[in-house]
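What follows is a set of notes on a single structure, which appears directly below.
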Amino acid sequence: MNMNQFYDLLQRYALSYGLILTRLTGMMVIAPLFAGFSLPLEIMVILLLALGYVTLPNVAIPVSLPMPIITIAGSALYNFFIGFVIGLIGYTIVSSVYVGSEIFGIQSGFNVSGSLDPTMEESPLTSEFIYLVSVYIFVSLKGHLLLYKAVVESFQKYPILISEISFKNISEQYVRIFTDAFLFSLQIALPIIGLMFLINVLFGILSRLVPQMNVFMVAMPASTLILFAVLVGMIPVWVELISRMVYRLEPYLSQLLAK
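The numbering of the sequence shown is the numbering used here, which starts it at 28 and goes up by one.
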């Protein structure tokens, strides 16, 4: 390949490669595993460049230069938005677990203790533990690969250059996803809320039956032990619930990208 051929190839595909990177960046800034400081910045940049290089032959849309700067800027924002929308679906699924674990921590009192999370500053131990379990399951079930696959397939519906976006379809899909995520959070939190209610009722009855007993001193350690046992016992149940939610990721993405 001589310099003229190389320059011609660069002129035809440099902008396409840049716009592909923009769409991948939109997905990676919010998608689980990629977002925050889960991976070092250097690794993220290398991974982004490699994914863009792998994606370029699949898209194979030469965009000739020169081109108006407004078109380039609009196409960059457009591609970033498409990638962000795809990544937001994965983020919503995993964040629903975090919301449910937050309710669990508040009801159980475990939120008093915290840990320093580089991605979200200080966070409760239980929320951090359940969130990490959900990310592990998300990666184990290849959720991150589904997001990348959705980005590649999105070029069939949303071309690489700026075009019309069906905001109605996107908003309708997200209303359904957020509804499912909220119900999923309740499925995680409701058992502990119900158990805390029963424990409080039980100690209320004991305080009436045994007025001499210091219920406050007995209730706190007893509740902690009971809730810790429940936390350990609920892990298999939560794993099953999280797996079901991750399995819905592919249908969500398919409906979002449906023509």
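Ideal placement from N, C-alpha and C gives every residue a C-beta, glycine not left out.
Asked, Found
"Buried or exposed: Q271, going by 16 or more other Cβ atoms within 10 Å of its Cβ?", "What sits at residue 271 in the sequence shown is Arg, not Gln. The residue in question, R271, is exposed, as its Cβ has fewer than 16 Cβ neighbours within 10 Å."
"Mapping the DSSP letters down to three states, classify R25 as helix, strand or coil.", "No answer is possible for residue 25: the residues shown for the chain start at 28 and end at 286."
"Since I204 and Y279 should fall inside the 8 Å C-beta cutoff, what is the C-beta to C-beta distance between them, to a whole number of angstroms?", "6 Å"
"Give the list of continuous alpha helix (DSSP H) stretches no shorter than 4 residues that lie fully inside the stretch 219-269.", "none"
"So what's L83 in DSSP terms, helix, strand or just coil?", "helix"
"The alpha helix (DSSP H) that contains Y185, what's its start and end?", "No alpha helix (DSSP H) contains Y185, which DSSP labels as neither H nor E."
"Assuming L168 and V259 are in contact, meaning their beta carbons sit under 8 Å apart, how far apart are those beta carbons, in whole angstroms?", "Not a contact, Cβ separation roughly 23 Å."
"Could you tell me if Q200 is buried or exposed, where buried requires 16 or more neighbouring beta carbons within 10 angstroms of its beta carbon?", "buried"
"Am I right that A216 and G110 are in contact with their C-beta atoms under 8 Å? What's the rounded C-beta distance?", "So it is not a contact: roughly 31 Å between Cβ atoms."
"So does the stretch 111-126 actually touch the stretch 44-60, counting three or more Cβ pairs closer than 8 Å?", "yes"
"Compute the Euclidean distance between the alpha carbons of L252 and I269, then round it to the nearest angstrom.", "25 Å"
"Figure out for me which residue from A246, G221, P248 and Q239 has the closest Cα to the Cα of F131.", "G221"
"Check the C-beta distance from G53 over to F108 and give it rounded, since I have them as a contact under 8 Å.", "6 Å"
"Tell me which residues share the same chain as I164 and place their Cβ nearer than 7 Å to its Cβ, disregarding the 5 neighbours each side in the sequence.", "V266, I269, S270 and V273"
"Rank L284, Y80 and P93 by C-alpha distance to the C-alpha of P186 and give the top, closest one.", "L284"
"Quick check on M94: does DSSP put it in helix, strand or coil?", "coil"
"Can you have a look at Y158 and say buried or exposed, based on whether 16 or more other CB atoms are within 10 angstroms of its CB?", "buried"
"When you compare only the Cα positions, how much space is there between V112 and M223?", "38 Å"
"Count the other CB atoms, across all protein chains shown, that sit within 10 Å of the CB of V202; report buried if there are 16 or more and exposed otherwise.", "exposed"
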